[in-house]
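Each remark here refers to the structure printed beneath this line.
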Amino acid sequence: MKKYILIVASLLATFGITSCLDDFQDLNTDKEKLPTATPANAFMGATLNFNNCSRAHLLGKYSGTMTYMQYIVSAGGPSAGTYISLDKTGRTEPYAPAYTYYYTANGDNFGGFGLRLGYLITQVIPVQNEPERFADIGAIAKMLLSYEQWLVLDTYGAAPLSEGLKAQTERLTTPKYDLYQKAIDGTPMYKKLDAMVKECVATLKASNDKQVQLKDADFFYGGDIAKWIKFGNTLRVKMAQRLEKADKAFYNSVIDEVLTSSSNVIGSYDESCIYHHPNDYNNNTDDIQDIISRYVASRAFVAFLETYDDPRLPILVRRNGFGTGNNNKENDDWFDTFKKEYPNYEKSYKGFIDRYVGASANPDSATSEYSRNAYMTLPYHKKDGTEANLEIRMNSQVESRFFVKNGGIRGNNNMPARAIEDTEFMINQDKMSTFTPIITYSETCLMLAEIALKKGGAVAGKDAKAWYREGVKASMEQFRTWATNMWVTAQVNDKAANYNPITDEKIAAYLDRPEFQNVTLEKIISQQWVNLFVQPEEMWATWKRTGYPKFKDQPVPEDGVAFLESIKSAGTALVIPRRNSLPVPNDLNIDNYNQAVSALKSDAKYGADVDKTEGRIWWDQ
């Protein structure tokens, strides 16, 4: 057993990943002991802290893809170093945990997803009495494994997927690398992943009452096989959509096969694939205050929501400090006193009375009205006559409650994140469940709207306009549900000054606006941009795939279309990273790594240097 653990340690080192192996020893037990690990428990252990929900991932998301996609901007002002200047030798890249979490046994307390699922599939299930009774669990595990492998390839272009987990079964410590477009056996890797998911769906469709089910061990669907089937089909559509330009024939074949009926894919919010966190490692952490203290909503994001009276605006974006009503008692008391000294402040400072003000994402915007100067300082006298300064936050923050419970305030109501917030706007954290969306109904609708638009007819029973309208409606209903579950005061507390809930009437009024009576690709992606607010990595991929939203010097929405703000440094255009650089292993597997890099660089779009992250993965045409 010790020898085997050393082999696994070598494997992890092969990928250039450092990790504690304490938690990994359970994955390398003697075969005589394997039946003691039930498939359900092994599945729960593999998914206990799904890779997209770690604290590190949240912090990386804020500084990476959330910033690239201009949901947020640094409160201190956008930095040119966040983006890429093409005359620089160094390159920034987004935080992407998929590669590390796929292989690492104990990385960031979110143990190796790929390793653990591989252990379940190859070692736990086969040695059970009547292993055929665990076919459903195996299919779900393989489906999630395929999803994870796709994420790895999607951002890195290559990874040792086919052989990467064979340390467990074949003691292979020098795995070869698969490319997105070509596995080590010569088969396109994207076709292998699609085939695996298709096979899993077929297995689940053949399920019977003899199958052992996951039930509460499943933090996604609670063991609901019918929902897993729809997830698998929707995942196939989602993966194929990436290939629309790179392999149009394959894209069409998958679309035509899956979308024969709307019943084949996720068809309601309840069928959305959402990971419900059993642990709160991403909660009650002082570092989480980053989203509230170090970032503000972007000018582009606020502009699109505000221009069309989007009912999601007060739910996704907090009002600025120029007035009362952000559930901050201390600020409200200050402002009440301030107003007595400045009775005409609304006229005197009219430019800042708009309670929703986004900050510029453009590093060259230091002197604009949307500048990095997030605070306005005004002198006044307190009730006791002493002089004081009121610092008013002019820029709006995004609603942090979609990311952490109570927006970063700890359960004991200590103040790590916001200024002192009234306890009446708090709730017992045990009543909340943090979550990570994987594929939602709203995203599915907008995906189908895009597909129908390009086909010029109905898909899965509806045309582009119908899917578009359904997607917008589903997105608003989805955020209403999430806001209710996470106790967003604008949605749930009618005693709060900023109470402004999403209602059916507001949704209908939005859809009745003239700007949304015809459908274009830009309009669909504009809505997907808002919809993927808590999934910025997917929006990053969508932007790469479509080119929307476009960049514009003045990101003023037009005819229902959103724009990102142009990003420049000293007048020179900057660009957003389009991929990650492949992690370098140690010498044990450096030859296979070098072969993979050489293959990647053979595609001119990738770039001559693995670290030039403005280059493109093969699918990114």
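Under numbering that gives the first Met the number 0, the sequence shown has 118 at position 119, and the numbering climbs by one with no breaks.
Yeah, the Cβ is synthetic: ideal placement off N, Cα and C, and Gly gets one too.
No experiment lies behind these values; they were computed from the predicted model shown.
Among the options, nearest to residue i - alpha-carbon criterion
{"i": "K549", "options": "E537, D558 and F562", "result": "F562"}
{"i": "N40", "options": "I136, D586 and R479", "result": "I136"}
{"i": "N263", "options": "K204, S297 and D153", "result": "K204"}
{"i": "V397", "options": "T435, K454 and R311", "result": "R311"}
{"i": "F401", "options": "N497, T480, K453 and A95", "result": "T480"}
{"i": "N497", "options": "Y592, E243, P313 and G357", "result": "P313"}
{"i": "A588", "options": "K87, P159, G59 and T88", "result": "The displayed chain sequence assigns Asn, not Ala, to residue 588. Nearest of K87, P159, G59 and T88 to N588, Cα basis: P159."}
{"i": "L315", "options": "F218, S395 and D331", "result": "S395"}
{"i": "G113", "options": "D86, T173, M142 and A508", "result": "M142"}
{"i": "R544", "options": "S260, I575 and Q620", "result": "Q620"}
{"i": "A451", "options": "T91, Y440 and Y467", "result": "Y467"}
{"i": "I224", "options": "K247, E243 and V200", "result": "V200"}
{"i": "T433", "options": "V574, A448, M485 and I575", "result": "M485"}
{"i": "Q69", "options": "V533, A569, G231 and C444", "result": "V533"}
{"i": "D552", "options": "A182, D363 and F321", "result": "D363"}
{"i": "S580", "options": "L599, G570, K604 and D610", "result": "D610"}
{"i": "T376", "options": "S347, E390 and A598", "result": "E390"}
{"i": "K191", "options": "P513, Y94 and W149", "result": "W149"}
{"i": "F303", "options": "K346, Y355 and I290", "result": "Y355"}
{"i": "V196", "options": "G163, L144, Y605 and D586", "result": "L144"}
Where the beta strand (DSSP E) containing residue i begins and where it ends
{"i": "S73", "result": "I71 to S73"}
{"i": "A598", "result": "Element bounds for A598: not the beta strand (DSSP E) but the alpha helix (DSSP H), I589 to K600."}
{"i": "E564", "result": "F562 to E564"}
{"i": "Y344", "result": "Premise fails: Y344 lies in the alpha helix (DSSP H), Y344 to S347, not in any beta strand (DSSP E)."}
{"i": "V555", "result": "Segment: none, V555 is in no beta strand (DSSP E) and carries neither H nor E."}
{"i": "V295", "result": "Y294 to A296"}
Status (buried if at least 16 other CB within 10 Å, exposed otherwise) for residue i
{"i": "H56", "result": "buried"}
{"i": "R115", "result": "buried"}
{"i": "G399", "result": "Reading off the sequence shown, one finds Ser at residue 399, where the question assumed Gly. S399 is buried by the Cβ-count criterion."}
{"i": "V126", "result": "exposed"}
{"i": "N517", "result": "exposed"}
{"i": "D608", "result": "exposed"}
{"i": "K522", "result": "buried"}
{"i": "S601", "result": "exposed"}
{"i": "V583", "result": "exposed"}
{"i": "K237", "result": "buried"}
{"i": "T612", "result": "buried"}
{"i": "L85", "result": "exposed"}
{"i": "P174", "result": "buried"}
{"i": "G456", "result": "exposed"}
{"i": "N319", "result": "buried"}
{"i": "D246", "result": "buried"}
{"i": "V458", "result": "buried"}
{"i": "E504", "result": "exposed"}
{"i": "Q180", "result": "buried"}
{"i": "G44", "result": "buried"}
{"i": "D558", "result": "exposed"}
{"i": "E129", "result": "exposed"}
{"i": "S597", "result": "exposed"}
{"i": "I506", "result": "buried"}
{"i": "D285", "result": "Note that D285 scores 46 on pLDDT, short of 50, meaning its location in the model is unreliable and no value can be drawn from it."}
{"i": "R298", "result": "buried"}
{"i": "A473", "result": "buried"}
Any non-hydrogen atom of the ligand SAH within 8 Å of residue i CB
{"i": "S364", "result": "Among the components modelled here there is no ligand, and therefore nothing to report on the ligand SAH."}
Whole-Å CB distance - residue i paired with residue j, under 8 Å assumed
{"i": "Y176", "j": "A194", "result": "So it is not a contact: roughly 20 Å between Cβ atoms."}
{"i": "L82", "j": "I566", "result": "Per the sequence shown, residue 82 should be read as Tyr rather than Leu. 5 Å between Cβ atoms; contact."}
{"i": "L242", "j": "W539", "result": "With 8 Å as the limit, L242 and W539 do not qualify as a contact, their Cβ atoms being about 17 Å apart."}
{"i": "F49", "j": "T435", "result": "7 Å"}
Endpoints, the alpha helix (DSSP H) within which residue i is located
{"i": "N388", "result": "Looking at the DSSP string, N388 is not in any alpha helix (DSSP H); the run it does join, the beta strand (DSSP E), is E386 to R392."}
{"i": "F434", "result": "Run containing F434: none in the alpha helix (DSSP H); it sits in the beta strand (DSSP E), F434 to I438."}
{"i": "I575", "result": "I575 -> no alpha helix (DSSP H), and no H or E assigned at all."}
{"i": "A459", "result": "No alpha helix (DSSP H) contains A459, which DSSP labels as neither H nor E."}
{"i": "Y274", "result": "No alpha helix (DSSP H) contains Y274, which is instead part of the beta strand (DSSP E) from C272 to H275."}
{"i": "E162", "result": "L160 to G163"}
{"i": "T323", "result": "No alpha helix (DSSP H) contains T323, which DSSP labels as neither H nor E."}
{"i": "N40", "result": "P38 to T46"}
{"i": "T66", "result": "T64 to Y67"}
{"i": "P313", "result": "L312 to L315"}
{"i": "Y118", "result": "F112 to Y118"}
Ranges of the beta strand (DSSP E) found wholly within the region 464 to 512, counting only runs of at least 3
none
Beta strand (DSSP E) runs wholly inside the region 167 to 197, at least 3 long, in chain order:
none
Extract the residue ranges of the beta strand (DSSP E) inside the region 509 to 552, only unbroken runs of 3 or more that lie entirely within it.
549 to 551
Quick one: complete alpha helix (DSSP H) runs, 4+ long, within the region 121 to 145?
For the region 121 to 145, not a single whole alpha helix (DSSP H) run of length 4 or above is found.
At 4 residues or longer, and completely inside the region 234 to 265: list those alpha helix (DSSP H) runs for me, N to C.
Counting only runs of 4 or more residues that sit fully inside the region 234 to 265, the alpha helix (DSSP H) segments are 247 to 257, in chain order.
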